[in-house]
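In my numbering, the protein residues as written are 1 to 157. Even glycine gets a Cβ: it sits at the ideal position worked out from N, Cα and C.
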């Protein structure tokens with residue numbers, strides 16, 4: 001019941017911790033420097049020749065930190081995709097291929113998971129297709145929701 005007493009410490013830890021997505025702490029991104037900690041020795045002073053030199057240095061640092069954070073975020077976003085695509089083969093359906101289409105509505109756990117066969121009649125994108133069933137109804141399907149028909153005899157639709 002006393003969570004609010006710990007909140008300032010939690011916020012402090014969150015703002016000063018290096019985030020895995022950016023590689024930099026939020027405080028450092030916002031203020032262009034690391035936060036001063038109460039247990040650290042005082043920082044040596046810098047003398048600038050002009051009063052506005054400090055501000056230009058802060059701007060340069062923040063721009064560099066933002067650029068680095070953006071690159072780190074892009075890299076972190078690509079990691080799950082690489083992991084997913086590592087063992088995934090790209091769909092290579094062509095018009096005329098026979099496929100089974102996944103059933104989404106009205107399927108009980110012991111009923112068939114796929115219906116068909118249906119024929120691919122058009123490729124919309126590398127992973128999206130138009131399929132036509134035996135009643136000449138057309139469906140837009142994703143490659144995750146279809147399976148190739150492997151049979152010993154040829155189906156005629």
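For this session: For the alpha helix (DSSP H) containing residue 84, list its first residue and its last residue.
Result: 53-85
Exercise. What whole-angstrom Cβ distance do residue 140 and residue 128 have, given they're in contact under 8 angstroms?
Worked result: 7 angstroms
Problem set entry | Residue from 142, 117, 109 with nearest C-alpha to residue 124 | 142
Exercise. Residue 60 and residue 23: beta carbons closer than 8 angstroms?
Worked result: Not in contact: residue 60 and residue 23 (Cβ atoms no closer than 8 angstroms).
Exercise. Counting along the chain, where does the beta strand (DSSP E) carrying residue 130 start and finish?
Worked result: For residue 130, the enclosing beta strand (DSSP E) covers residues 128-132.
Problem set entry | residue 143 - DSSP class collapsed to helix/strand/coil | In the structure shown, residue 143 falls within a helical segment according to DSSP collapsed to helix, strand and coil.
For this session: Following the continuous beta strand (DSSP E) through residue 115, name the residue where it begins and the one where it ends.
Result: In the DSSP assignment, residue 115 falls within the beta strand (DSSP E) that extends over 114-125.
Exercise. Which class does residue 11 belong to by DSSP, given the choice of helix, strand or coil?
Worked result: helix
For this session: Ignore the nearest five residues each way along the sequence and tell me which others in residue 16's own chain have a CB closer than 6 angstroms to its CB.
Result: 25, 27, 35
Exercise. Residue 115 to residue 85, Cα distance in whole Å?
Worked result: 27 angstroms
Exercise. Residues bridged to residue 110 by DSSP?
Worked result: Bridge partners of residue 110: none, in fact.
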